[in-house]
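Novice: Quick one: structure below, then a few questions.
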Amino acid sequence: MPAPKKDPRKRPTIYDLARHAGVSPGTASRVLNNRDRVDPDTRARVLSSARVLNLKPRAGARMQQIAVLSDPRFPDRIEGYAARLSAHLSFSLSRRNATVLNPSDPISQLPDTFLDGIIAVTYDQDLVQFLTELEERIPVVYMDKFDCRPGQHAVCSDHRMAGYLAARHFLARGKKRLAIVGMDILPMHERLKGYREAIEEAGATADEKLLQLFGRETGTTNYASSITHKVRAGADAIFTPGSSYEGINCLHVLSYVMGLAIPRDVALITGEIGGISDVMNPPLTTIEEPLPEMAEQAVTMIMRLASGEKIARRQLTLPVRLIERASVF
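Numbering (the numbering used here), first residue to last: 274 to 602.
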């Protein structure tokens, strides 16, 4: 059915949508509010009509609906970085009276869902490609996306500074063989930039074997093998960043698999895990990422975008801090 002629002064209503899609107003309302008991074909037809009519219900008429996405193939969506950041985002959205959706399979579920905005916490190439296509009609804010295209919106932790602070702390305490352990992914490359910067600034020489990220042309495929390779190559300090228990795994391998004493044999800096890092043996020196602040900034951004505002500063980077404990001396 062709779209009716629009009076520019008149905003489309739920009744216009129902007539255009050939359904009852009640069915149209259930689709817009993501309710169940709607046939998939009917839902798709109503959503298509809503796009044709450019129907964006008033915020006062219903709660804004924001999807918080984490990639289903990433292990930390239940426990770890993605889970904790998603929780902060959900609480922040709830305080703003928004409906929070957490689709288990974003690529299959989002096309049949009426949304005001999306916050992407973790994502692989397939999900990024899918979200890039959605950006034409739905605002999207990415967390920790360091390769944003012009026009994309992101809130990031300062990973480069995290690496810089960790290396500078090691060097100030006389460590000379600095290693880093992490996957060959973009956030780790940002940390590695800062790590190298601090080493070069101190006039030291980096051993490239100690700075290789695992997963590509390194001969190692996981944390345990990467850690053992670097200790055997002479590392006296290891930075294993991240907030998904990477540091706890590293401490376990060093202490209970390799039988080393921390920090006597190897100094260690990890990512901060609140309530856990400070009770380990030894208490861990960490880099703390500002997850609550990141969530607040991302939610503020998505709510403004969902309301039709233009945002001049599209990418925000928030500071990290080093928490000094007993795993470095």
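Every residue gets a Cβ at the ideal spot worked out from N, C-alpha and C, and that includes glycine. Since the structure is predicted, the reported quantities are computational estimates derived from the model, not experimental observations.
1) Per DSSP, what kind of secondary structure is residue 575 in: helix, strand or coil?
2) Taking all protein chains shown into account, decide if residue 476 is buried (16 or more other Cβ within 10 angstroms of its Cβ) or exposed.
3) Could you tell me which residues DSSP puts in a beta bridge with residue 416?
4) Grouping DSSP H, G and I as helix and E and B as strand, with all else coil, what is residue 239?
5) Hey, how far is the Cα of residue 423 from the Cα of residue 501?
6) Check residue 565 in the structure and name its three-state DSSP category.
7) Going by alpha carbons, who is nearest to residue 588 out of 431, 395, 304?
8) Put residue 594 into one of helix, strand or coil per three-state DSSP.
9) Which residues share a DSSP beta bridge with residue 548?
10) Along the chain, where does the beta strand (DSSP E) containing residue 373 start, and where does it finish?
11) Quick one: measure Cβ to Cβ for residue 578 and residue 426, integer angstroms, because I've assumed they're closer than 8 Å.
12) On a Cα-Cα basis, can you pick out the residue from 549, 328, 480 that is closest to residue 518?
13) Report the residue from 481, 435, 509, 343 whose alpha carbon sits nearest the alpha carbon of residue 463.
14) Apart from the five residues just before and just after residue 388, which ones in its own chain have a Cβ nearer than 8 Å to its Cβ?
15) Straight-line CA distance for residue 592 to residue 433?
16) Where residue 385 and residue 317 are concerned, what is the direct C-alpha to C-alpha distance, given to the nearest angstrom?
17) Compute the Euclidean distance between the alpha carbons of residue 540 and residue 469, then round it to the nearest angstrom.
18) Hey, how far is the Cα of residue 570 from the Cα of residue 505?
19) Within 10 Å of its beta-carbon, does residue 391 have 16 or more other beta-carbons around it, so buried, or fewer, so exposed?
20) How close, in whole Å, do the beta carbons of residue 542 and residue 600 come, if the pair is a contact with beta carbons under 8 Å?
21) For a test of the three-state rule: what should DSSP assign to residue 581, helix, strand or coil?
22) Whose CA, out of 595, 574, 555, lies closest to the CA of residue 585?
23) For the alpha helix (DSSP H) that residue 599 lies in, which residues bound it at each end?
24) Going by other Cβ atoms of all chains shown within 10 Å of its Cβ, with 16 needed for buried, is residue 421 buried or exposed?
25) Taking C-alpha atoms, which residue in 488, 440, 401, 328 lies nearest to residue 466?
26) Applying the criterion that 16 or more other CB atoms from any shown protein chain within 10 Å of the CB defines a buried residue, is residue 520 buried or exposed?
27) With DSSP as the reference, please indicate the residues paired to residue 487 in a beta bridge.
28) Exposed or buried, residue 279, counting other C-beta atoms within 10 Å across all chains shown (16 or more means buried)?
Specialist: Put simply:
1) Three-state result, residue 575: helix.
2) Looking at its Cβ environment, which holds fewer than 16 other Cβ atoms inside 10 Å, residue 476 is exposed.
3) DSSP lists 428 as the bridge partner or partners of residue 416.
4) Residue 239 falls outside the range modelled here, since the chain spans only 274 to 602, and no answer is possible.
5) CA-CA distance, residue 423 to residue 501, rounds to 41 Å.
6) Residue state, collapsed to three classes: helix.
7) For the residues 431, 395, 304, the minimum Cα distance to residue 588 belongs to 431.
8) The answer is strand: DSSP assigns residue 594 an E or B state.
9) Per DSSP, residue 548 has no beta-bridge partner at all.
10) Residue range 372 to 374 is occupied by the beta strand (DSSP E) that includes residue 373.
11) Correct: roughly 7 Å between the Cβ atoms.
12) Check the Cα spacing between residue 518 and each of 549, 328, 480: the tightest is with 549.
13) Answer by Cα proximity: 435.
14) Here the set comprises 338, 339, 340, 374, 411.
15) Our two residues, residue 592 and residue 433, have alpha carbons roughly 10 Å apart in a direct line.
16) Going by the C-alpha atoms only, they are around 6 Å apart.
17) Answer to the nearest angstrom: the Cα atoms are 18 Å apart.
18) Residue 570 and residue 505 have their C-alpha atoms spaced approximately 43 Å apart.
19) Residue 391 comes out buried.
20) Yes, they are in contact, since the Cβ atoms of residue 542 and residue 600 sit about 7 Å apart, within 8 Å.
21) Taken through DSSP and simplified to helix, strand or coil, residue 581 comes out as coil.
22) Of 595, 574, 555, the residue nearest in Cα terms is 574.
23) Looking at the DSSP string, residue 599 is not in any alpha helix (DSSP H), and its letter there is neither H nor E.
24) Exposed, by the Cβ-count rule.
25) The shortest Cα separation from residue 466 among 488, 440, 401, 328 belongs to 440.
26) So residue 520 ends up on the buried side.
27) According to DSSP, which records beta bridges pairwise, residue 487 is partnered with 456.
28) With a pLDDT of 47 at residue 279, under the threshold of 50, the modelled position of this residue cannot be trusted; read the value that follows with caution. Counting Cβ neighbours within 10 Å, residue 279 comes out exposed, since fewer than 16 surround it.
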